[in-house]
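Just so you know, our numbering puts 119 at position 117 of the sequence shown, and the rest follows in order with no gaps.
Have a look at the structure below before the remarks.
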Amino acid sequence: MHNPATLLGCSLGNIPLLDDAETRSICAENPNGAVGGGAKNDPEPKGPATHLGRGWKCRPCIDLPPGKTITLAEIDGPAVIQHIWITVDPKAYRDCILRMYWDHEAAPSVEVPLGDFFACGHGLRTKVNSLPIAVNSAGGFNSYWPMPFHRHARITVESQHHQNIVGFFYQITYTLKDIPKEAGTFHAQWRRTLTERTHPEHTLLDGVTGQGHYVGTYMAWTQLSNGWWGEGEIKFFLDDDKEFPTICGTGTEDYFGGAWGFRLPDQEIEDPYSTAFLGLPLVHHVANEVPKYGLYRWHVMDPIRFRKSLKVTMQALGWWPRGRFQPLTDDIASTAYWYQNEPHAEFPTLPPVEERWPR
């Protein structure tokens, strides 16, 4: 009998084990992932593969027309998506929405601007060297979050860009196999806040109901005040928590695994880093622009489990003179990642494209 822990993906320890699972992959060359279904397109007239003919590199990518939603994958289960690779021009990062639907649900379980899902907020390419998300030169998005489903999966990308986006490349690799009944489905949600001095707090999640566990945070933080910006605490309100949380952090840099303002003693700006589970991969200080930061914390080794409900918030605090915390009006966008049983609660309405553009 298989160990359920090994059914959702591979590790170095179980790579030698053989089973009856079947690997499939969807891309522009095989849009259905069908057996023997790849490389069947004829070359375009005067295209780069005209002299090579059918079976060569005839359809490596697609275009994203303005205002259209393209279905990237329709998969019948049971199965688990193991790897997603995407690359596209950065103008798509905030203007295109990635959505994922599990087991014929009408509402998506994932609804995130494309770049932010892969820890590239602000519409900027960022190198990320972590375990579940890797972004490599130059703008190669990779997700290794396991995404199990029992009956059906649908993945779409909607372009809200005003022009045709040429050259959207993608590969979605999955395995057809039995899924343990206790496996939760993958969720990701995006929110953005311009914090207010009267209550400088950003909400990452609220209204999540059901049983599950929280597995990751990505934040695209834009600093709109002088000085240090990372004194705020993260709070996880679990199940019956009301006014006070069960889990409370001690500071922004602490939560993301750093310390002392992310700065070495002889440095004037934050020192970027990117590790398996924690990172500050983006420190963007450019003349005539406000400072921008990208931060991630993957709770792979320490998932935050809830039985009935979950709310997550982050404070925005800096320093005033005489040792007092300063409430900040910063621009904070977040992507929260979690697994839970279905059905999931309704997501808040995603802001229109002009309210997602980076400052």
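We treat Cβ as the ideally placed atom computed from N, Cα and C, and that holds for glycine.
Which residue from the options puts its Cα closest to that of residue i?
i	options	result
TYR220	ALA261, PRO115 and LYS59	PRO115
ALA335	TRP192, LEU100, LEU133 and ALA81	TRP192
TRP230	ILE88, HIS204, PHE327 and CYS122	PHE327
ALA94	PRO67, LEU74 and ARG26	PRO67
PHE308	PHE279, TRP340, HIS287 and GLU291	TRP340
VAL37	ILE77, ASP65 and PRO45	ILE77
GLY253	HIS346, TRP321 and LEU284	TRP321
PHE349	TYR172, PRO182, THR205 and ASN144	THR205
ASP105	GLY123, GLY79, PHE120 and HIS124	GLY79
Quick one: using the 10 Å Cβ neighbour count with 16 as the cut-off for buried, is residue i buried or exposed?
i	result
GLU245	exposed
VAL130	buried
ILE249	exposed
GLY209	exposed
ALA222	buried
ARG358	buried
VAL288	exposed
THR224	buried
Any beta-carbon of chain B closer than 8 Å to the one on residue i?
i	result
PHE119	Reference to chain B is not applicable here, since this structure consists of a single protein chain.
Going straight from the alpha carbon of residue i to that of residue j, what length do you get?
i	j	result
ASP97	GLU203	25 Å
VAL90	GLY169	6 Å
PRO1	LEU14	The structure shown does not extend to residue 1, since the chain is modelled only from 3 through 361, so no value can be given for it.
THR195	THR73	30 Å
ALA41	ILE86	19 Å
TYR216	ILE167	34 Å
ALA7	PRO148	Model confidence at ALA7 stands at a pLDDT of 48, short of 50, so the residue's coordinates are unreliable; what they give is reported in the following sentence. When rounded, the distance between both Cα atoms is 12 Å.
LEU282	GLY218	14 Å
PRO50	PHE151	38 Å
If you drop the 5 nearest sequence neighbours on each side, which residues of the same chain put their C-beta closer than 8 Å to that of residue i?
i	result
ASN43	GLU31, ARG56, CYS60 and ARG61
ASN34	ILE28 and GLU76
GLY251	GLU235, ILE236, LYS237 and TYR257
Below 6 Å CB to CB, which residues in the same chain sit around residue i once its five sequence neighbours on both sides are set aside?
i	result
ASP256	none
ILE157	LEU74, ALA75 and MET102
ILE64	ALA30 and PHE170
PRO247	LYS237, PHE238 and PHE239
THR211	SER311 and ALA347
THR71	THR158 and GLU160
Under 7 Å Cβ to Cβ from residue i, same chain only, skipping five residues before and after it: list those, please.
i	result
ASP273	PHE264, ARG265 and LEU266
GLU198	THR331
GLY232	GLY253, THR254, GLU255 and GLY263
**Report entry** Contact the segment 258-271 vs the segment 172-185: 3+ CB pairs below 8 Å
**Finding:** The segment 258-271 is not in contact with the segment 172-185.
Query raised in the report: Taking three-plus beta-carbon pairs below 8 Å as touching, is the segment 289-297 in contact with the segment 137-146?
Result: no
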